[in-house]
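Q: Residue numbers (this note's numbering), protein chains in the order written: chain A, 1 to 401; chain B, 1 to 401. We put the CB at the ideal spot given by N, CA and C, even for glycine. Given the structure is predicted, the values throughout are model-derived calculations rather than measurements.
(1) Given 8 Å as the limit, is there contact between the segment 303-310 of chain A and the segment 328-336 of chain A, that is, 3 or more CB pairs closer than that?
(2) Would you kindly check if the distance between the Cβ of residue 21(A) and the Cβ of residue 291(A) is under 9 Å?
(3) What is the DSSP secondary structure of residue 351(A), reduced to helix, strand or coil?
(4) Are the Cβ atoms of residue 56(A) and residue 334(A) separated by less than 9 Å?
(5) Quick one: list the residues of chain A neighbouring residue 53(B), beta-carbon separation under 8 Å, in chain order.
(6) With distance defined between alpha-carbon atoms, name the residue in 229(B), 223(B) and 133(B) nearest to residue 116(B).
(7) Under 6 Å Cβ to Cβ from residue 124(A), same chain only, skipping five residues before and after it: list those, please.
(8) Looking only at its chain, what residues have a beta carbon closer than 6 Å to the beta carbon of residue 260(A), apart from the 5 residues adjacent to it on each side?
(9) Counting only the same chain and skipping the five closest in sequence on each side, list residues whose C-beta sits under 6 Å from that of residue 137(B).
(10) If contact means a Cβ-Cβ distance below 7 Å, which residues of the segment 372-397 of chain B contact chain A?
(11) Can you pull the chain B neighbours of residue 82(A), defined as C-beta to C-beta under 9 Å?
(12) Quick one: list the residues of chain B neighbouring residue 342(A), beta-carbon separation under 7 Å, in chain order.
(13) Pull out every residue of the segment 3-16 of chain B whose Cβ sits closer than 7 Å to any Cβ of chain A, in chain order.
(14) Alpha carbon to alpha carbon, what distance is there between residue 87(B) and residue 105(B)?
(15) Under 9 Å Cβ-Cβ, which residues of chain A neighbour residue 177(B)?
(16) Report the partner residues of residue 87(A) according to the DSSP bridge assignment.
(17) Name the residue from 132(B), 205(B), 241(B) and 66(B) whose alpha carbon lies nearest to the alpha carbon of residue 156(B).
(18) In the DSSP output, what is residue 411(A) paired with across the bridge?
(19) Using DSSP bridges, identify the partner residues of residue 245(A).
(20) Go ahead and label residue 74(B) buried or exposed: buried means 16 or more other beta carbons lie within 10 angstroms of its beta carbon, across all protein chains shown.
(21) Classify residue 107(A) as helix, strand or coil using the three-state DSSP reduction.
(22) Looking at the C-beta of residue 239(A), does it have a partner C-beta in chain B at a distance below 9 Å?
(23) Can you check whether the CB of residue 321(A) is closer than 9 Å to the CB of residue 279(A)?
(24) Residue 371(B) and residue 94(B) - do their beta-carbons sit closer together than 9 Å?
(25) Could you work out which residue in 65(A), 64(A) and 76(A) is closest to residue 4(A) when comparing CA atoms only?
(26) Give the secondary structure of residue 342(B) by DSSP, where H, G and I count as helix, E and B as strand, and everything else as coil.
(27) Assuming residue 150(A) contacts residue 167(A) under a Cβ cut-off of 8 Å, what Cβ separation, rounded to an integer in Å, is found between them?
(28) Going straight from the alpha carbon of residue 318(B) to that of residue 44(B), what length do you get?
(29) Please list, in chain order, the residues of the segment 60-72 of chain A that have any C-beta partner in chain B closer than 9 Å.
(30) Report yes if the CB atom of residue 29(A) is closer than 9 Å to the CB atom of residue 225(A), and no otherwise.
(31) As an exercise, report each continuous alpha helix (DSSP H) stretch of at least 4 residues that is fully enclosed by the segment 137-225 of chain A, in chain order.
(32) Quick one, are the C-beta atoms of residue 161(B) and residue 192(B) less than 9 Å apart?
(33) Mark residue 178(B) as exposed unless 16 or more other C-beta atoms lie within 10 angstroms of its C-beta, in which case mark it buried.
(34) 9 Å is my cut-off, CB to CB: does residue 420(B) come that close to chain A?
(35) Kindly say whether residue 346(A), judged by its beta-carbon, lies nearer than 9 Å to any beta-carbon of chain B.
(36) If we cut at 9 Å on Cβ distances, does residue 328(B) have a partner in chain A?
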């Protein structure tokens, strides 16, 4: 069952404001079993106050045991079933650098590689060439000209870059050209379906011209293409929820994910403080605000328990400024857990607190993993959070008579 | 969504060991509302210790309110959606006596019955003939010869036996021959689909020869055939999880169920003590071990609260020997509840404890129904237990980027 069938049918408009504050990778683990997690360790008087007046729960990002990447993690929070809406690798890479994919685009993850005199690959990653060296090469490939096709070539990092072909009818069912081996040439682009034949031809011509442009390079004289993908076809927030939605994020990936569901990207904040300013500035123009905070995840990935605790305290300190604006529904959670113990994303449920006038407050006194999972919302899949938010905002009518 | 699509895609191999210890029918009920269940009454210091270091939850075998048989109960624990994978009655009966069904087999539940001189049924169960009397008759029917078909006729209990036809292209869509009434003859085997026509013909010939072989019997001079079914098509543990799996069970039914998902049946233990020896002997050869203990269910079925308590204490006493081996993930649960109050399987959630280094310990201090359902894993369908086990064993990669 697609929840959007229900929210489309039942949506109601009103003056309520909904804020979803995502502390990326918020959930954690204690360093020793039975001790406190990062969130439980942090001094979080404002989040604890939210827990007292609101209702808590534990979010399962995808399904029990499944650890999500940022894409599925956020799609779930946005109310899009991450198992139904799969974002192709090329589209995610383009999204990750903030490239605004259009409906006529096919996005491709590209690698520079090293070819010998016979055209065989000697290094699939071009000696892990530095970003400084590779970025101008990606820009140089914008000189490729193919009639009827607009071409974008965008630097990413080290040997990686993104290529986007824009033109009508470009399917994305094209096999990778990376042979996953050295001593052999890159594969020719090959369509897996007739509707992608034109894309394969465009890719072949792109590669031909690109190799001429790279001919003089010592290491990055070749390229491989992987993960051909069209923009995922996600219905917009406006359509499925009736919400005018704004995203206030610092990093391109999260702006990109928000753009995919039709949110406006507002402001150009570089810090959480600036994000709060942007929120206040745009308060009247939108119904829904997605605020993204990255550093709870990155400190977790670094394995730095103490630093993650500090970052959580930054999140906590931001709460009063948000509450001052008077949101009808304020939710604080994460897209997944990133325990510093594991130095990676994990499958553990993510603590959630939701505060609204009609939320049915539970007995939770603090915001933390152990309190939250025993909270009034129980444990549930992230994709149900948006319907809950709409209900708490009075934006969902009755189902059936 | 079939979780196996995810586990196939995300599985990672490592040196971890996973143990699933199933105390059949573990969940119970207090004899009076508000009192303690069998598990809560039992003295279980080792399970309580697991609850302290691990994380607890409540397993819903199929869906809320649905009481499962052993088949669906175990399929859920093994991670196979019991609503998707239905085991036919004949296949389950064959599995229950440990018959290793092959891909070319059709298994049938057979009953001896009593026929009068006109061929009409006078007793559908042949006077509930004793197992001692009926077993040689089932064996006698192995004399039936049908060209191109291998025939197995296996005693079960009292008037019941199992017939298996083995041969290429034998469909299982054949109607039961039991008319569910006396005073009428058994029905002729009739195919419900063209692909099962040959099976119906083989069954008719089997019945014809069988009646000749049984002609002199006073009570068991006829037979009916029910529940024609092919082996269910279950993908293997190796394929869906990347696990080399071993089953250590005493009773044929549980060996049979494990065999259906591709587990090796190891050892020939008759007691829990011997099962633990078998576990230690095979520790290095497998990644996953399923240990089955029957008597928590059978004492529940007997309505013997005190005996079930004692059997639970046997389960408890086995925990140290398992933990000594150093499993990465140790899970103790049941396939369903069997409250001695009800003398039957029930729908109540089954207590679960899972211990692993990364499990996110909750605040449960004891192992019991009331503690477990408020545990860190919440309540969830049994089919998600295996993905959780794999995650805790570090055997699942990230979903999406």
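A: Checking against the coordinates, here is how it stands:
(1) no
(2) yes
(3) strand
(4) no
(5) 33 and 34
(6) 223(B)
(7) 113
(8) 234
(9) 220
(10) 374, 376, 378, 380, 384, 387, 388, 390, 391 and 396
(11) 399 and 400
(12) 358
(13) 3 and 6
(14) 14 Å
(15) Within chain A, no residue comes near residue 177(B); the closest Cβ sits about 41 Å away, beyond 9 Å.
(16) In the DSSP output, where bridge partners are listed per residue, residue 87(A) has none listed.
(17) 132(B)
(18) An answer regarding residue 411(A) cannot be provided, because it is not within the stretch 1 to 401 covered by chain A.
(19) 288(A)
(20) buried
(21) strand
(22) no
(23) yes
(24) no
(25) 76(A)
(26) coil
(27) 7 Å
(28) 11 Å
(29) 60, 61, 62, 63, 64, 65, 66, 67, 68, 69, 70, 71 and 72
(30) no
(31) 197-213
(32) no
(33) buried
(34) What is shown of chain B runs 1 to 401, which leaves residue 420(B) out entirely.
(35) yes
(36) no
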